[in-house]
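Asker:
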Amino acid sequence: MPTSVSITPHVSAGIRQLTSDQVQMLRAFIQKRVMNPDDVDDILQCTFLEAIRNEHKFQGTCKPQTWLCGIAVNLIRNHFRRLYNQPYQESWEDQMHSNVVPGGDIGHEVDGHRQLARAVQAIGQLSSHMQQVIEVSLEMDGNYQDTASCLGVPIGTVRSRLSRAREQLKRQMEA
């Protein structure tokens, strides 16, 4: 594989001069979050396409890899949204073998589903910045530094937004 990957002559020099190691690091970044190798390749290609389309937005205030990771995170999020918006199809045989516990407390399960629905609704009422930091933090396995790098904000901003989000969610869930 060549030592430098040329994306397009119009893209800023930092993105145009990615080494094969940097491309592999981006691939590994995506692969950590998406298990299907075909989807990884598609998202990697789409990341570079988005970078080309939005080259005018790259200000050079962060490393090109960081900017590309941010694009990849958005594409991964969209990938899973599309995936989860597809109707779930369960076969009749799967339903018969589901994890039904004889004598289990169905009321407890219903309460759990209701609480989960309330939590999702409460998250939807947070500011877009707080929602974004929660999503990226979850995608980064709770690593504040990786979250800050992906969002292009200081780590203190990540901590602050997550703290405020937790407080708001506690208040909404207790109400």
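Read in the numbering used here, the sequence shown has 765 at position 7, and its numbers run on one by one without any break. Built from N, CA and C at the ideal position, the CB exists for glycine as well.
Looking at the unbroken alpha helix (DSSP H) that takes in Thr824, where does it start and where does it end?
Answerer: 822-843 is the extent of the alpha helix (DSSP H) around Thr824.
Asker: If you run the structure through DSSP and keep just helix, strand and coil, what is Leu884?
Answerer: Coil at Leu884, not helix or strand.
Asker: Could you give the DSSP three-state label for Thr777: helix, strand or coil?
Answerer: It is a strand residue.
Asker: Rounded to a whole number of angstroms, what is the C-alpha to C-alpha distance between Ile829 and Gln803?
Answerer: So the two alpha carbons sit approximately 11 Å from each other.
Asker: To the nearest angstrom, how far is it from the Cα of Phe787 to the Cα of Cys827?
Answerer: Computed Cα separation, rounded: 8 Å.
Asker: Apply the 10 Å Cβ neighbour rule to Pro822 and answer buried if 16 or more other Cβ atoms are within range, or exposed otherwise.
Answerer: Buried is the call here.
Asker: Would you mind sorting Phe806 into buried or exposed? The rule is 16 or more other CB atoms within 10 Å of its CB.
Answerer: Buried is the call here.
Asker: So what does DSSP say about Gln817, is it helix, strand or coil?
Answerer: Here Gln817 sits in coil by DSSP.
Asker: Going by C-alpha distance, which of His837, Arg922, Ile892, Arg924 is nearest Leu909?
Answerer: It is Ile892.
Asker: In terms of alpha-carbon separation, which member of Thr777, His814, Glu925, His837 lies closest to Val798?
Answerer: Minimum Cα distance to Val798 is reached at His837.
Asker: Assign Val894 to buried or exposed, taking buried as 16 or more other Cβ atoms, counted over all protein chains shown, within 10 Å of its Cβ.
Answerer: It counts as buried.
Asker: Given a threshold of 16 other Cβ atoms within 10 Å of its Cβ, counted over all protein chains shown, does Leu874 qualify as buried or as exposed?
Answerer: So Leu874 ends up on the exposed side.
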